[in-house]
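In our numbering, the protein residues as written are 7 to 302. Heads up, the beta-carbon is just placed ideally off N, CA and C, and yes, glycines get one too. The model shown is predicted, which means the values in this text are computed figures rather than measured ones. Here the structure comes first, spelled out in C-alpha cells, and everything after it is commentary.
Next up, the structure:
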C-alpha cells in the first residue's frame, strides 16, 4: 500500500513547494491531485518526482510493522555480511525478514538473491536455491533488466559448481562474464554504490571460477578490473579477497617471489582494513605452503 504521507513530509522537509517539485516534470495540479486526492501519476513522472526529493518509489510503500527504511537497512546489513563472508550473521538476520511483508519488487529481488546466495554458500538444498533464483529470473525480473538477474546467474553457477555439474556451471558463469565485458552503465534508479558492490561480487566470483578452471590470465584480467573499480569508486570491501585471489594465481603460476611477497602484504593490509578475518586467516597457510615449496 502506497503511503503518500512519506512523499509529502519529505517534500516539506526539503522546503519544496508543489510548483517547484513539479517544474520540468509535470504540472503543479498533478502533484496536488497526488497529495490531496491520492491520484497517482504515471510511474515515469512519479520516479522523477521522488528522485527530486531523494526518494525512490519504493520508499512510498510502508507497512505498520515493517517500514521501508528499516527493511532497506536490514537487507543491506545482510548483504554487507555476505560480502564479508560472515555467513552466521547473514543466516541469522535473514530469518528475521518476513518476505510476505515485502511489497516492493526491488526489495523482493534483493531478498531472494540474498537467500539464494546464502543458501548456496552454506550448502543448502539445491531445489530451494533454484526456487529463490527462479523467483527473480522468471517473475520479478523476467525481462532481465536489473543486476539481480546477473547475480542470480552467478548464484546458479556457484551452485552447480559445488554440485560438480561443471557444464551447467560454465553456462551460467559465461553469461556473467559476457555481461561484465559489456560497457559499464549504471541503470536508472539504481543506487550507485550498491550497484558497484554487486558488480564487484560478479567480478570476484567469476575471477575465482576462471582461476579454478586454470584460466589464470583471464582471471587476472577480471581481478585488475575489480581492483580498478574499487579505486575509482572508493570501495574496499572486495580488495582483500581480490588480492588474495591474485596471490593464489601468482603462486600457482610461479611468479617472481617479489611479486608474491607484495601481493601477500597487500592482502593482509586490506584484510585488516576491512576486518576481513576470513581472508586474513586463509593467507597464512597459503604463504607457509609456498615458502615450504621454495625452500625445497
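Please classify residue 172 as buried or exposed, where buried requires at least 16 other C-beta atoms within 10 Å of its C-beta. Start at 1 with the first residue of the chain shown, and residue 172 comes out as number 166. Under this definition residue 172 is an exposed residue.
Pull the bridge partners of residue 67 from the DSSP assignment, please. Residue numbering aside, residue 67 sits at position 61 when the chain shown is read from its first letter. BP columns for residue 67 point to 8.
Boundaries of the alpha helix (DSSP H) in which residue 144 is found, first to last residue: In the chain shown, the residue the question calls residue 144 occupies position 138. Taken as a continuous stretch (DSSP letters only), residue 144 belongs to no alpha helix (DSSP H), as it is neither H nor E.
Alpha carbon of residue 234 to alpha carbon of residue 279, nearest angstrom: Walking along the chain shown from the start, residue 234 turns up at place 228. Walking along the chain shown from the start, residue 279 turns up at place 273. Distance between the alpha carbons of residue 234 and residue 279: 18 Å.
Rounded separation between residue 72 and residue 162 - CA only: Here residue 72 is taken as the residue at index 66 of the chain shown, counted from 1. Here residue 162 is taken as the residue at index 156 of the chain shown, counted from 1. For residue 72, the predicted structure reports a pLDDT of 49, less than 50, and the residue's modelled location is therefore unreliable. The matter cannot be settled from this model.
Alpha-carbon to alpha-carbon, residue 93 and residue 283: Along the chain shown, one-based indexing puts residue 283 at 277. Along the chain shown, one-based indexing puts residue 93 at 87. Residue 283 and residue 93: Cα-Cα distance of roughly 13 Å.
Excluding five sequence neighbours on each side, which residues of the same chain lie with their C-beta closer than 6 Å to the C-beta of residue 287? Along the chain shown, one-based indexing puts residue 287 at 281. Around residue 287: no qualifying Cβ.
Start-to-end residues for the alpha helix (DSSP H) that takes in residue 122: Counting from 1 along the chain shown, the entry for residue 122 is found at position 116. Segment 111-127, the alpha helix (DSSP H) holding residue 122.
Excluding the five sequence neighbours on either side, which residues of its own chain have a C-beta within less than 8 Å of the C-beta of residue 106, listed in chain order? Numbered from 1 along the chain shown, position 100 holds the residue referred to as residue 106. For residue 106, where only same-chain residues beyond five positions count, there are no Cβ hits under 8 Å.
State the Cα-Cα distance for the pair residue 238 and residue 35, rounded to the nearest angstrom. Working through the chain shown from its first residue, we reach residue 238 at position 232. Working through the chain shown from its first residue, we reach residue 35 at position 29. Cα-Cα distance, rounded: 43 Å.
Taking the alpha-carbon of residue 250 as reference, which of 30, 229, 146 has the nearest alpha-carbon? Looking up residue 250 in the chain shown gives position 244. Ranking 30, 229, 146 by Cα distance to residue 250 puts 229 first.
Less than 7 Å between the C-beta atoms of residue 182 and residue 160, yes or no? Locating residue 182 in the chain shown gives position 176, counting from the first residue. Locating residue 160 in the chain shown gives position 154, counting from the first residue. The answer is yes: Cβ separation under 7 Å.
Along the chain, which unbroken stretches of the alpha helix (DSSP H) at least 4 residues long are found entirely within the segment 148-172? 153-168
Classify residue 70: buried if its beta carbon has 16 or more other beta carbons within 10 angstroms, exposed otherwise. Locating residue 70 in the chain shown gives position 64, counting from the first residue. Low confidence applies here, because residue 70 scores a pLDDT of 48, under 50, leaving its location unreliable and the question unanswered by this model.
Looking at the unbroken alpha helix (DSSP H) that takes in residue 265, where does it start and where does it end? In the chain shown, the residue the question calls residue 265 occupies position 259. 263-279 is the extent of the alpha helix (DSSP H) around residue 265.
Residue 32 (DSSP reduced to helix, strand or coil): One-based indexing of the chain shown puts residue 32 at position 26. Note: residue 32 maps to coil in three-state DSSP.
Quick check: the Cα distance between residue 17 and residue 151, rounded to an integer number of angstroms? Taking the chain shown and counting its residues from 1, the one referred to as residue 17 is at position 11. Taking the chain shown and counting its residues from 1, the one referred to as residue 151 is at position 145. Answer to the nearest angstrom: the Cα atoms are 30 Å apart.
C-beta atoms of residue 273 and residue 259 nearer than 7 Å: For the purposes of this step, residue 273 is taken as residue 267 along the chain shown, with counting starting at 1. For the purposes of this step, residue 259 is taken as residue 253 along the chain shown, with counting starting at 1. No; because the gap between Cβ atoms is not below 7 Å, this pair is not in contact.
With a threshold of 16 other CB atoms inside 10 Å of the CB of residue 198, please say whether the residue is buried or exposed. In the chain shown, counting from the first residue as 1, residue 198 sits at position 192. Classification of residue 198: exposed, given that the 10 Å Cβ count is below 16.
Where residue 72 sits in the DSSP three-state scheme: In the chain shown, residue 72 corresponds to position 66, counting from 1. Its pLDDT being 49, under 50, residue 72 is placed unreliably in this model, and the coordinates cannot settle the point.
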